[in-house]
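Straight run, no breaks: the sequence shown in numbering that gives the first Met the number 0 ends on number 488. Just so it is clear, CB atoms sit at the ideal spot from N, CA and C, and this is done for glycine as well. Here is the structure we will look at, set down as structure tokens.
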Amino acid sequence: MAKALPKRSENYSEWYNEIVKRADLAENSAVRGCMVIKPYGFAIWEKMQRALDDMFKATGHQNAYFPLFVPKSFLEKEEEHAEGFAKECAVVTHYRLKTDGKGGLMVDPNAKLDEELIIRPTSETVIWNAYKGWIQSWRDLPLLINQWCNIVRWEMRTRIFLRTAEFLWQEGHTAHATEQEAVEETERMLGVYADFVENWMALPVIQGVKTPGERFAGAVETYCIEGLMQDGKALQCGTSHFLGQNFSKSFDVQFVNKENQLEYPWATSWGVSTRLMGALIMGHSDDNGLVLPPKLAPFQVVIVPIHKSPEDLAKISEKVDPIINELKAAGVSVKYDDNDNQRSGWKFAEYELRGVPIRLGLGMRDLEAGTVEVARRDTLSKESRPIDGIVDHIKILLGEIQQNIYNKAMAFREANTFPVDTWDGFKEQIEKGGFILAHWDGTAETEEKIKNETKATIRCIPLNSIEESGTCVYSGKESAKRVLFARAY
């Protein structure tokens, strides 16, 4: 019998790590800080990728690919950008190895690069260098490009999916003729992210703007979506940046406008990563394992035959085959597990652990009664249903499960969001976790002091924030609106 999962309430970190491991999502690799995403985990990421890619293309974006290597001089061109990423860069200095005469390899000292290459921590610089040749006239704008790739940021403390030295992501990079167009693009893509996380991942998020201290290096404005995990910590699920003309000026990208004058285009960049896998696990899973919203489950329905003989299995399979065909025709991904390697009880536990939304169990008694057992992963409930009409029932049920998972996460967030007006109340609440809505005086000094004293950061200034005069929870100075504080991953 497999050992029970650690309980969320007792050791959240160990619970998370065990789900990643036991649900066969990913594992640590031999390369420090890097992960191996296993087939089941990658199947979920592929579904995320496919949905997002469709959303990007529906908003006019095209995919392209740019080099993994960024010349150091490119990174240096935008000063704030360079400073922001300098401590996270992996650097290539040589292009060849040679044998050391003892059966090993060594770096060939004669193969030093003329200029060091940075393994991309993000691609603004290499992309804007390319855009110099792509953008000549207002007719070339807007330029709406996305790339799916890997990124390297040298993290010292890593956790699978949430923070790894190498991760997968997409990064959009767009160029516009006017400031207004670029700001609209930045906000549009934030909306696309919020739509995806809420309607596909079933996780409610708060959309907002970062404070200057939390902005992306080189951005004029950074927008974000913030989710609340079940341990009361926030997770930044995606960011969208208005870059102004910083990168077009750094790389001398100019276009001739309609008045026949030279002008610098306005830029955006935006990205989400495999960190969303971490959000999916931590936002919904329980002490029995992974809970997957149907839209992202590698298979939405698993059918387990319960039999004692090959003859019984053949009869069950005959009944199941048309159900499988009908489900597939309806666009439902289904797995029929008639493998004899494990008993049905083991399979039930395994699919529960892996978060499969619906499990159908069918034995000889069910066959005689014309029924099938339907088990829901989200509520852990089971019921016996007539086999006739089961496909229509499943189609409705998948929608109900998707909505129920979202409703549960929203109820959790609402129960764990607290308006706080005093410093003592703030310090007390932050130890318990959750989102705190509190007044802030707008200064970097106060923001830093709150962070140092409580480890809480301003996650964002919510876009739907109501103008409400008050006093800063820390300094007592005047404040016009509340901002969102939390401890975060």
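- Using the C-alpha atoms, what's the distance from residue 343 back to residue 311? What you label residue 311 is simply residue 312 of the sequence shown in a count that begins at 1. What you label residue 343 is simply residue 344 of the sequence shown in a count that begins at 1. Cα-Cα distance, rounded: 14 angstroms.
- Can you tell me which of 459, 68 and 47 puts its alpha carbon nearest to the alpha carbon of residue 114? Residue numbering aside, residue 114 sits at position 115 when the sequence shown is read from its first letter. Residue nearest to residue 114 within the set 459, 68 and 47 is 68 (criterion: CA-CA distance).
- Query: Under the three-state reduction of DSSP, which class applies to residue 161: helix, strand or coil?
  - Reply: In the sequence shown, residue 161 corresponds to position 162, counting from 1. Note: residue 161 maps to coil in three-state DSSP.
- Item | N-terminal and C-terminal residue of the alpha helix (DSSP H) that residue 7 is part of | Looking up residue 7 in the sequence shown gives position 8. Residue 7 -> no alpha helix (DSSP H), and no H or E assigned at all.
- Task: Have a look at residue 46 and residue 292 and give me their C-alpha separation to the nearest angstrom.
- Result: Residue 46 sits at position 47 when you count from the first residue of the sequence shown. Residue 292 sits at position 293 when you count from the first residue of the sequence shown. Between residue 46 and residue 292, the alpha-carbon positions lie close to 12 angstroms from each other.
- Look at residue 89 and residue 126 and say whether their C-beta atoms are less than 8 angstroms apart. Walking along the sequence shown from the start, residue 89 turns up at place 90. Walking along the sequence shown from the start, residue 126 turns up at place 127. Between residue 89 and residue 126, the C-beta spacing is not below 8 angstroms.
- Item | Paired residues, beta bridge with residue 85 - DSSP | To locate residue 85, count along the sequence shown from 1; it is residue 86. Beta-bridge pairing links residue 85 to no other residue.
- Message: Between the segment 305 to 322 and the segment 409 to 425, can you find at least three pairs of beta-carbon atoms closer than 8 angstroms?
- Response: Touching, no.
- Message: For a test of the three-state rule: what should DSSP assign to residue 435, helix, strand or coil?
- Response: Position 436 of the sequence shown holds residue 435. Residue 435: strand per DSSP, three-state reduction.
- Nearest to residue 480 by CA position, among 447, 41, 430 and 418, is which residue? Position 481 of the sequence shown, counting from 1, holds the residue named residue 480. Closest option to residue 480, Cα to Cα, is 418.
- Task: Could you check what DSSP says for residue 220 in three-state terms: helix, strand or coil?
- Result: To locate residue 220, count along the sequence shown from 1; it is residue 221. The answer is strand: DSSP assigns residue 220 an E or B state.
- Item | Beta-carbon separation (whole angstroms), residue 456 vs residue 450, contact threshold 8 angstroms | Here residue 456 refers to the residue found at position 457 of the sequence shown. Here residue 450 refers to the residue found at position 451 of the sequence shown. The pair is a contact, with the Cβ atoms about 5 angstroms apart (cut-off 8 angstroms).
- For residue 80, three-class secondary structure by DSSP: Position 81 of the sequence shown, counted from the first residue, corresponds to residue 80. DSSP places residue 80 within a helical segment (H, G or I) once states are collapsed to three.
- Task: Since I believe residue 39 is in contact with residue 22 (beta carbons under 8 angstroms), could you give me their beta-carbon distance rounded to a whole number of angstroms?
- Result: Against the sequence shown, residue 22 aligns to sequence position 23. Against the sequence shown, residue 39 aligns to sequence position 40. Contact holds; Cβ gap of about 7 angstroms.
- Ranges of the alpha helix (DSSP H) found wholly within the segment 162 to 236, counting only runs of at least 4: Entirely contained in the segment 162 to 236, the alpha helix (DSSP H) runs reaching 4 residues are, in chain order, 178 to 198.
- Inter-residue Cα distance where the pair is residue 149 and residue 170: Sequence index remark: in the sequence shown, residue 149 carries index 150 (1-based). Sequence index remark: in the sequence shown, residue 170 carries index 171 (1-based). Across the structure, residue 149 and residue 170 are spaced so that their CA atoms are roughly 10 angstroms apart.
- Beta carbon of residue 319, beta carbon of residue 361: below 8 angstroms? Within the sequence shown, the letter at position 320 stands for residue 319. Within the sequence shown, the letter at position 362 stands for residue 361. Inclusion of residue 319 and residue 361 in the CB contact set at 8 angstroms is warranted, their separation being smaller than that value.
- Just curious, the alpha helix (DSSP H) that residue 38 is in, first and last residue? Here the question's residue 38 lines up with position 39 in the sequence shown. Where residue 38 is concerned, the enclosing alpha helix (DSSP H) stretches over 38 to 57.
- Task: Can you check DSSP and say which residues form a bridge with residue 300?
- Result: Working through the sequence shown from its first residue, we reach residue 300 at position 301. Residue pairing from DSSP places residue 300 in a beta bridge opposite 333 and 357.
- Is it true that the segment 168 to 184 meets the segment 136 to 146, where meeting means three or more beta-carbon pairs spaced less than 8 angstroms apart? Yes, the segment 168 to 184 touches the segment 136 to 146.
- Query: Nearest-angstrom Cα distance between residue 379 and residue 346?
  - Reply: Looking up residue 379 in the sequence shown gives position 380. Looking up residue 346 in the sequence shown gives position 347. Going by the C-alpha atoms only, they are around 15 angstroms apart.
- Task: Confirm, please, whether the CB-CB distance from residue 19 to residue 280 is below 8 angstroms.
- Result: Your numbering for residue 280 matches position 281 in the sequence shown. Your numbering for residue 19 matches position 20 in the sequence shown. In this structure, residue 19 lies closer than 8 angstroms to residue 280 by Cβ.
- Please confirm if the segment 152 to 168 is in contact with the segment 132 to 139, defined as three or more CB-CB distances below 8 angstroms between the two stretches. With a cut-off of 8 angstroms, the segment 132 to 139 and the segment 152 to 168 do not count as touching, because too few Cβ pairs lie within range.
- Query: Rounded to a whole number of angstroms, what is the C-alpha to C-alpha distance between residue 566 and residue 175?
  - Reply: Nothing about residue 566 can be reported from this structure: the residues present for the chain run from 0 to 488 only.
- For residue 257, which of helix, strand or coil comes out of DSSP? The residue you call residue 257 lines up with position 258 of the sequence shown. Residue 257 falls in the coil class under three-state DSSP.
- In angstroms with no decimal places, state the Cα-to-Cα distance between residue 285 and residue 7. As a first step, residue 285 must be located in the sequence shown, where it is residue number 286. As a first step, residue 7 must be located in the sequence shown, where it is residue number 8. Approximately 7 angstroms, taken between the alpha carbons.
- Query: Excluding sequence positions up to five away, which residues of its chain have a Cβ less than 7 angstroms from the Cβ of residue 476?
  - Reply: Locating residue 476 in the sequence shown gives position 477, where the first residue counts as 1. Within the same chain, residue 476 has close Cβ partners 440 and 470.
- Message: Does residue 506 pass the burial test, meaning 16 or more other C-beta atoms within 10 Å, or should it be called exposed?
- Response: For the chain, the structure presents residues 0 to 488; residue 506 sits outside this window and is missing.
- Task: Starting from residue 440, trace the beta strand (DSSP E) both ways and give me its first and last residue.
- Result: Against the sequence shown, residue 440 aligns to sequence position 441. Per DSSP, residue 440 belongs to no beta strand (DSSP E) and is neither H nor E.
- Message: Let's see if you can read the secondary structure: which residues bound the alpha helix (DSSP H) around residue 391?
- Response: Taking the first residue of the sequence shown as position 1, residue 391 is located at position 392. Here the alpha helix (DSSP H) through residue 391 covers 389 to 414.
- Query: CB residue 128 to CB residue 250, shorter than 8 angstroms?
  - Reply: In the sequence shown, residue 128 corresponds to position 129, counting from 1. In the sequence shown, residue 250 corresponds to position 251, counting from 1. In contact: residue 128 and residue 250 (Cβ atoms closer than 8 angstroms).
- Item | Element boundaries [beta strand (DSSP E), containing residue 269] | In the sequence shown, the residue the question calls residue 269 occupies position 270. For residue 269, the enclosing beta strand (DSSP E) stretches over residues 265 to 272.
- Message: Please classify residue 326 as buried or exposed, where buried requires at least 16 other C-beta atoms within 10 Å of its C-beta.
- Response: The residue labelled residue 326 in the question sits at position 327 within the sequence shown. Label assigned to residue 326: buried.
- Item | residue 12 versus 25, 394, 158 and 74, residue with shortest Cα-Cα distance | Against the sequence shown, residue 12 aligns to sequence position 13. Distances from the CA of residue 12 to each of 25, 394, 158 and 74 were compared; the closest alpha carbon is that of 158.
- Item | Alpha-carbon spacing of residue 25 relative to residue 35, whole angstroms | Here the question's residue 25 lines up with position 26 in the sequence shown. Here the question's residue 35 lines up with position 36 in the sequence shown. Going from the Cα of residue 25 to the Cα of residue 35 covers about 5 angstroms.
- Task: Report, in whole angstroms, the separation of the C-beta atoms of residue 81 and residue 75, which I expect to be a contact under 8 angstroms.
- Result: Numbered from 1 along the sequence shown, position 82 holds the residue referred to as residue 81. Numbered from 1 along the sequence shown, position 76 holds the residue referred to as residue 75. Sure, about 5 angstroms apart at Cβ, within 8 angstroms.
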